[in-house]
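Report on one structure; see the data block that follows.
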Amino acid sequence: MSLLSALAKQKIDRELTKYPADQKQSACMSALAIAQDEHGWLSNELMDEVAQYLGMAPVAVYEVATFYNMYNLKPTGKHKVTVCTNLPCALSGGVDAAEYLKHKLGIDFRETTADGQFTLMEGECMGACGDAPVLLVNNKRMCSFMSKEKLDQLVEELKK
Amino acid sequence: MIKLEIDGKAVEVENGSTVMEAANKVGSFIPHFCYHKKLSIAANCRMCLVQVEKAPKPLPACATPATEGMKVQTASQYAKTAQQGVMEFLLINHPLDCPICDQGGECQLQDLAVGYGGSASRYQEEKRVVVNKNLGPLISTDMTRCIHCTRCVRFGQEIAGVMELGMAGRGEHSEILSFVGRTVDSELSGNVIDLCPVGALTSKPFRYSARTWELSRRKSVSPHDGLGSNLVVQVKVDKVMRVLPRENEAINECWLSDKDRFAYEGLNSAERLTKPMLKQDGKWTEVEWNVALDYVAHALANIRNEHGADAIGALASPHQTLEELHLLNKLVRGMGSNNIDTRLRQLDTRADGQVKGVRWLGMKVADLAALQSVLVVGSTLRKDHPLLANRFRQAAKRGQQVNVLHVADDDLLMNVANRLIVKPSQMADALAQVAKALAALKSQPLSKSVADATANIRVSDAAQAIAKSLADKEKVGIFVGNFAEHHPEFSTLYALAQEVARLAGGTLGFLGEAANSVGAAAVGAVPGSKGLCAQGMKSQPRKAYIVFGAEPDLDAADGEATLAALYTAETVIAFSAFKHAASRYADVLLPIAPFTETAGTFVNTEGTVQSFNGVVKPLGDARPGWKVLRVLGNLMKLDGFEFNSIEDVRADIAADLQGFVAGKLNNAIGEVTMNLAPATAGVERIAEVPLYAADPLVRRAPSLQKTADAKRAATAGLAPDVYDNLKLVDGQSVRIKAGAAEVNLPARRDPTLPAGTARVALALPETLALGAATTLTLEMLPVAVTIGHAAE
Numbered sequence: 000m001s002l003l004s005a006l007a008k009q010k011i012d013r014e015l016t017k018y019p020a021d022q023k024q025s026a027c028m029s030a031l032a033i034a035q036d037e038h039g040w041l042s043n044e045l046m047d048e049v050a051q052y053l054g055m056a057p058v059a060v061y062e063v064a065t066f067y068n069m070y071n072l073k074p075t076g077k078h079k080v081t082v083c084t085n086l087p088c089a090l091s092g093g094v095d096a097a098e099y100l101k102h103k104l105g106i107d108f109r110e111t112t113a114d115g116q117f118t119l120m121e122g123e124c125m126g127a128c129g130d131a132p133v134l135l136v137n138n139k140r141m142c143s144f145m146s147k148e149k150l151d152q153l154v155e156e157l158k159k
Numbered sequence: 000m001i002k003l004e005i006d007g008k009a010v011e012v013e014n015g016s017t018v019m020e021a022a023n024k025v026g027s028f029i030p031h032f033c034y035h036k037k038l039s040i041a042a043n044c045r046m047c048l049v050q051v052e053k054a055p056k057p058l059p060a061c062a063t064p065a066t067e068g069m070k071v072q073t074a075s076q077y078a079k080t081a082q083q084g085v086m087e088f089l090l091i092n093h094p095l096d097c098p099i100c101d102q103g104g105e106c107q108l109q110d111l112a113v114g115y116g117g118s119a120s121r122y123q124e125e126k127r128v129v130v131n132k133n134l135g136p137l138i139s140t141d142m143t144r145c146i147h148c149t150r151c152v153r154f155g156q157e158i159a160g161v162m163e164l165g166m167a168g169r170g171e172h173s174e175i176l177s178f179v180g181r182t183v184d185s186e187l188s189g190n191v192i193d194l195c196p197v198g199a200l201t202s203k204p205f206r207y208s209a210r211t212w213e214l215s216r217r218k219s220v221s222p223h224d225g226l227g228s229n230l231v232v233q234v235k236v237d238k239v240m241r242v243l244p245r246e247n248e249a250i251n252e253c254w255l256s257d258k259d260r261f262a263y264e265g266l267n268s269a270e271r272l273t274k275p276m277l278k279q280d281g282k283w284t285e286v287e288w289n290v291a292l293d294y295v296a297h298a299l300a301n302i303r304n305e306h307g308a309d310a311i312g313a314l315a316s317p318h319q320t321l322e323e324l325h326l327l328n329k330l331v332r333g334m335g336s337n338n339i340d341t342r343l344r345q346l347d348t349r350a351d352g353q354v355k356g357v358r359w360l361g362m363k364v365a366d367l368a369a370l371q372s373v374l375v376v377g378s379t380l381r382k383d384h385p386l387l388a389n390r391f392r393q394a395a396k397r398g399q400q401v402n403v404l405h406v407a408d409d410d411l412l413m414n415v416a417n418r419l420i421v422k423p424s425q426m427a428d429a430l431a432q433v434a435k436a437l438a439a440l441k442s443q444p445l446s447k448s449v450a451d452a453t454a455n456i457r458v459s460d461a462a463q464a465i466a467k468s469l470a471d472k473e474k475v476g477i478f479v480g481n482f483a484e485h486h487p488e489f490s491t492l493y494a495l496a497q498e499v500a501r502l503a504g505g506t507l508g509f510l511g512e513a514a515n516s517v518g519a520a521a522v523g524a525v526p527g528s529k530g531l532c533a534q535g536m537k538s539q540p541r542k543a544y545i546v547f548g549a550e551p552d553l554d555a556a557d558g559e560a561t562l563a564a565l566y567t568a569e570t571v572i573a574f575s576a577f578k579h580a581a582s583r584y585a586d587v588l589l590p591i592a593p594f595t596e597t598a599g600t601f602v603n604t605e606g607t608v609q610s611f612n613g614v615v616k617p618l619g620d621a622r623p624g625w626k627v628l629r630v631l632g633n634l635m636k637l638d639g640f641e642f643n644s645i646e647d648v649r650a651d652i653a654a655d656l657q658g659f660v661a662g663k664l665n666n667a668i669g670e671v672t673m674n675l676a677p678a679t680a681g682v683e684r685i686a687e688v689p690l691y692a693a694d695p696l697v698r699r700a701p702s703l704q705k706t707a708d709a710k711r712a713a714t715a716g717l718a719p720d721v722y723d724n725l726k727l728v729d730g731q732s733v734r735i736k737a738g739a740a741e742v743n744l745p746a747r748r749d750p751t752l753p754a755g756t757a758r759v760a761l762a763l764p765e766t767l768a769l770g771a772a773t774t775l776t777l778e779m780l781p782v783a784v785t786i787g788h789a790a791e
């Protein structure tokens with residue numbers, strides 16, 4: 000039984016058109032992202048299926064999935080909040096923002112709240128050091144200048 | 000050509016060479032870990048940093064192309080500082096466990112740390128620890144020692160053709176692993192042990208058994224497949240401790256198949272025969288050599304006197320040395336018998352009279368790469384010839400079209416241009432289709448016999464595509480594999496393969512079954528026109544058998560029937576390194592030395608004569624086979640058995656062995672009656688010889704018997720239609736019948752097989768009862784249901 004839906008496969012096929020036919024592995028990152036969007040995280044079985052679909056060795060897909068930290072190798076909460084703690088952010092309050100969130104949600108990095116709402120992650124540079132502190136919600140929504148007030152607002156909004 | 004200067008020495012190298020290659024040419028050693036001449040460039044260990052004039056920073060020698068006028072310093076203070084810096088980083092996380100590490104003494108990191116490492120570490124923090132992985136029965140891991148050179152990963156991708164290991168994670172968290180704990184199952188996997196520059200991947204069978212400096216290194220030649228890989232056998236106190244490759248670019252390059260590498264375990268098997276034994280009144284007793292040989296000489300003389308010399312037959316293993324087979328042949332023929340054969344698994348010998356010489360690869364192994372299109376007929380290529388498969392794999396990457404005609408669509412881990420997968424009974428028909436299509440494409444007439452036989456066959460698209468691939472290219476090779484040699488219609492296949500090669504203007508070759516198949520035929524250890532072949536000696540039982548090195552129950556095509564013939568014989572004399580089933584049918588067991596304990600010669604499939612010396616003393620009272628045969632010849636008062644040394648025996652074969660063998664090599668075959676479509680009924684059997692069951696030595700190597708390949712061999716692979724018809728559950732056993740015989744084997748669905756076939760291996764005790772049956776009847780076994788206690 001296939002874990003990937005027909006729609007996901009259609010999306011992957013679209014990605015594949017961007018590369019030469021004998022270079023299917025080029026679409027590995029986008030295929031993993033599509034698979035993750037559908038399932039929320041990348042199980043071994045799912046990675047195996049992506050590997051099969053792209054004609055790659057499963058371990059080669061695993062290499063990609065473990066290299067980039069926007070791929071979830073474990074199930075996450077409903078909202079995955081990734082706070083940048085790289086040096087420029089850290090100098091401009093990134094670490095403080097992360098500490099505030101930890102305290103507010105009662106969890107540490109790489110943990111999920113008991114209600115399954117929030118997962119807190121430590122992120123790498125998001126290329127917006129001028130907007131520090133920055134964070135990402137579910138890999139897709141970028142939030143800048145995250146003061147304590149804005150963090151409170153964000154958490155309230157996401158809880159709804 | 001590019002001219003540059005390395006350490007003040009001028010050197011000229013090919014365009015596209017690297018600084019590393021230029022430095023090797025002038026003899027400047029640049030320290031390195033990730034660089035390996037046979038693998039792609041990774042440049043991730045950074046150990047080979049060198050100073051290049053006008054470059055603003057040190058450059059990695061392995062990845063820097065040599066350019067005109069470049070001036071390189073490999074050992075300047077600047078370069079050394081860079082190299083020492085890299086070494087300091089490498090040692091940060093590397094454990095200081097050299098005293099308990101198997102790699103200690105042969106470790107590149109250890110060696111280079113002496114030259115480039117500091118005497119003390121400045122690193123005070125915690126070291127990284129990495130969880131060990133289970134990679135199977137052959138490779139032992141200590142992943143904390145890994146320095147992430149990725150040689151093992153690149154080996155899998157580039158040489159073995161399957162990426163089983165990868166580097167997961169990033170930065171400090173990166174580690175080498177297999178996907179979700181899978182084992183490394185490649186038949187070439189052992190090479191990563193040699194490639195690993197540290198002790199992260201070491202040999203599991205050898206683990207903790209000796210230190211490298213206690214071992215003496217002795218040259219030898221592999222006794223397994225037809226390639227004749229060159230070996231370094233490492234020995235401690237007259238015991239073989241492990242086997243490593245000896246580099247020979249013309250044969251095995253720097254690789255070894257797992258069979259060549261790990262089969263040495265069989266040498267130290269508890270089943271070794273160490274004393275001559277005689278069966279008296281149904282009981283085995285150990286005796287001295289002179290007693291045993293006297294008995295043998297008398298027994299054979301009696302048989303000859305009573306029943307004539309023709310009542311004596313000899314079955315010899317093609318894994319025995321040239322000298323032994325020569326003397327055995329001389330002994331048998333000296334007694335007046337012509338019944339000697341080494342082709343124990345060859346069912347079809349009807350074309351023997353048409354064969355013009357000794358069949359061989361038809362070219363040098365190293366020349367395989369130059370072919371533009373090849374057709375491999377009936378070969379379990381990867382398993383039977385792991386390193387020849389690698390030659391084709393590397394050539395296929397450079398554009399060689401590899402075409403396959405076989406009975407199973409095995410994944411060869413290479414680009415296969417065209418496949419023609421048919422049932423075993425259809426192989427000749429399929430090959431005839433290729434010949435017919437090729438004749439049409441080349442506008443050449445088929446030879447009379449082929450034209451007659453192929454008049455009514457229809458050419459399939461796949462055959463057409465193969466013919467086109469062969470017709471389009473100039474340098475073409477047709478290679479016949481072991482499966483085809485064991486096929487009941489081998490003669491037809493042989494003649495058709497010759498016809499295809501002729502039409503394509505290509506070379507016909509045989510991949511070669513055993514280490515000394517070519518040698519055995521060259522010294523005449525085959526019956527010739529007057530004698531009986533192995534099949535003949537089975538169907539027309541002899542009064543006396545000499546069984547030399549073989550275990551006929553497992554090494555002959557029809558083990559069961561051969562055993563029956565042996566049981567009826569008045570006397571059976573078994574020369575063997577091991578105690579085996581011979582103790583049930585033989586009268587005498589003579590312990591002969593395996594390849595490590597005797598001097599000898601193997602002639603590999605390309606016709607290269609490779610002589611070697613014994614590397615250890617014979618175990619117990621075992622003696623080199625050639626010495627035993629010499630004494631036996633003397634006792635029987637046969638002429639020409641006066642030898643003092645192995646050199647005398649070699650001189651007795653020919654003064655110039657290589658020239659002698661070369662003169663015999665010829666793949667031509669004359670007219671053969673074609674039989675394209677033999678009648679079949681039931682499920683067709685695909686009877687392969689499993690990789691790790693092919694000879695007596697490898698059968699006794701416990702680690703190899705634990706591999707996935709060995710485990711799979713003892714199951715029945717069923718074509719999807721056969722499997723689904725039986726409504727089997729995975730792992731459920733199936734009853735396999737052939738005539739009155741039946742065996743039970745666990746079944747598995749094998750989608751690589753053509754409809755109506757089942758893979759049931761030869762050479763296994765589990766399938767012995769089936770003999771050489773080609774068609775089978777399958778039945779589902781009742782499922783064992785565990786009934787729980789009813790709740791009361």
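First to last, the protein sequences are chains A and B. In case it helps, numbering that gives the first Met the number 0 puts the first sequence at residues 0 to 159. In case it helps, numbering that gives the first Met the number 0 puts the second sequence at residues 0 to 791. Backbone N, C-alpha and C define an ideal beta-carbon position, used for all residues, glycine too.
Span of the beta strand (DSSP E) around residue i
{"i": "R245 of chain B", "result": "Here R245 of chain B belongs to no beta strand (DSSP E), and DSSP marks it neither H nor E."}
{"i": "V179 of chain B", "result": "Taken as a continuous stretch (DSSP letters only), V179 of chain B belongs to no beta strand (DSSP E), as it is neither H nor E."}
{"i": "E778 of chain B", "result": "774-779"}
{"i": "W283 of chain B", "result": "282-285"}
{"i": "Y544 of chain B", "result": "543-547"}
{"i": "E4 of chain B", "result": "1-5"}
Neighbourhood of residue i by C-beta distance below 7 Å, restricted to the same chain and skipping five residues each side
{"i": "L177 of chain B", "result": "At residue 177 of chain B the sequence reads Ser, which differs from the Leu that was named. Here the set comprises K132, L134, E163, L164, V183."}
{"i": "S446 of chain B", "result": "E498"}
{"i": "Y115 of chain B", "result": "P30, Q82, Q83, M86"}
{"i": "L194 of chain B", "result": "H35, R150, C151, F154"}
Rounded straight-line distance, which links the Cα of residue j to that of residue i
{"i": "A89 of chain A", "j": "N68 of chain A", "result": "19 Å"}
{"i": "D257 of chain B", "j": "G225 of chain B", "result": "15 Å"}
{"i": "Y584 of chain B", "j": "D280 of chain B", "result": "13 Å"}
{"i": "A416 of chain B", "j": "N665 of chain B", "result": "29 Å"}
{"i": "Q731 of chain B", "j": "P781 of chain B", "result": "9 Å"}
{"i": "R349 of chain B", "j": "G527 of chain B", "result": "11 Å"}
{"i": "S268 of chain B", "j": "L327 of chain B", "result": "26 Å"}
{"i": "L437 of chain B", "j": "L469 of chain B", "result": "8 Å"}
{"i": "T506 of chain B", "j": "L230 of chain B", "result": "29 Å"}
{"i": "D408 of chain B", "j": "H172 of chain B", "result": "40 Å"}
{"i": "F547 of chain B", "j": "L330 of chain B", "result": "12 Å"}
{"i": "N85 of chain A", "j": "G122 of chain A", "result": "8 Å"}
{"i": "T561 of chain B", "j": "V191 of chain B", "result": "41 Å"}
Cβ neighbours of residue i in the same chain (closer than 6 Å, five flanking residues each side left out)
{"i": "M125 of chain A", "result": "C83, V133"}
{"i": "T597 of chain B", "result": "G613, P623"}
{"i": "E4 of chain B", "result": "K70"}
{"i": "A700 of chain B", "result": "F261, A262, E264, G265"}
{"i": "H35 of chain B", "result": "R150"}
Beta-carbon contacts of residue i that lie in its chain and below 8 Å, excluding the five residues immediately before and after
{"i": "A712 of chain B", "result": "P689, L690, Y691, A692, A760, L763"}
{"i": "E791 of chain B", "result": "Any reading at E791 of chain B is ruled out, since the residue's pLDDT is 37, under 50, leaving its predicted position unreliable."}
Delimiting residues of the alpha helix (DSSP H) encompassing residue i
{"i": "V191 of chain B", "result": "190-194"}
Could you tell me which uninterrupted beta strand (DSSP E) segments, each at least 3 residues in length, are contained entirely in the segment 319-391 of chain B, listed from first to last along the chain?
372-376
Kindly confirm or deny that the segment 546-554 of chain B and the segment 229-248 of chain B touch, where touching means at least three C-beta pairs closer than 8 Å.
no
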